[in-house]
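Structure first, then comments.
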Amino acid sequence: MDKVRLTLDEQVDEATKKMMLHLIERKVKYDHYKNTHFFILSFFILYCLTLLFISYPLVVVPKGNSIINSITALLGTNHLIFLFLLGVLLFGALKFYFEKKEKAETEFHDLRCEIIEKSHDIWNEEHWSSRHRVFDEMKKKYDINLYYESK
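If you read the sequence shown in the numbering used here, its first letter stands for residue 124, the second for the next number, and so on.
The structure is reproduced here in structure tokens:
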């Protein structure tokens, strides 16, 4: 952030600096939720597959073709019920972080589009050539594209 601040000090006003720093903060927040959501999703898929491989030979195979007998045996086993409830808890966490990720992405994208739309006002004629240097720096350091509004 220091190098971006140094580059911005010469060219833009205080409000623009705050907006750029706020954009970086929103990008970091979005990346955090995105990585957390991916980790929980991966763990949830692995957990479900493991639970399937544990419960299939213990419950389904011994009970044969009867679904009602399989469900009864599943509900009669306390540790399997606990494991299924833990899976439901993981699914809730997955949904929670998905919604947080979507909200953070929307906030980040809206602020990024606002900066792109106001770039003609922010960088006047004398600083217009240095705008590209700042945009390149933002792209290289923080992976924030300020050239186009598309994601």
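All residues carry an ideal CB built from backbone N, CA and C; glycine is no exception.
Fair warning: this is a prediction, and the values are worked out from it, not measured in the lab.
Please confirm whether Tyr270 and Gly210 have their CB atoms less than 8 Å apart.
no
Should Leu91 and Ile204 be called a contact, given that it needs their Cβ atoms to be closer than 8 Å?
Examination of residue 91 is not possible in this model, given that the chain is present from 124 through 274 alone.
In the DSSP assignment, find the alpha helix (DSSP H) that holds Tyr271 and state where it starts and stops.
Neither: Tyr271 is in no alpha helix (DSSP H) and is coded neither H nor E.
Do Leu139 and Ile267 have their C-beta atoms closer together than 8 Å?
Per the sequence shown, residue 139 should be read as Thr rather than Leu. Contact check for Thr139 against Ile267 fails: the beta carbons are separated by 8 Å or more.
Evaluate contact between the segment 143-159 and the segment 218-229, counting only Cβ atoms and requiring at least three cross-stretch pairs below 8 Å.
yes
8 Å Cβ cutoff, Arg254 in contact with chain C
You won't find chain C in this structure, because it holds only one protein chain.
Alpha carbon to alpha carbon, what distance is there between Val257 and Ile163?
35 Å
Below 8 Å between beta carbons: does that hold for Ile238 and Leu175?
no
Contact check, Lys150 vs Tyr220 under 8 Å by CB: the rounded distance?
Their Cβ separation, rounded to whole angstroms, is 17 Å, which puts Lys150 and Tyr220 out of contact at 8 Å.
Which same chain residues end up closer than 8 Å to Ser273 when comparing Cβ atoms and leaving out the 5 residues on each side of it in sequence?
Excluding positions up to five away in sequence, the list is empty.
Drop a sphere of 10 angstroms on the beta-carbon of Val182, count the other beta-carbons inside from all chains shown, and report buried for 16 or more, exposed for fewer.
By the 10 Å Cβ count, Val182 comes out buried.
With a threshold of 7 Å, establish whether the CB of Val211 neighbours any heavy atom of the ligand NAD.
As presented, the structure is devoid of all ligands, the ligand NAD included, so that no description of it is given.
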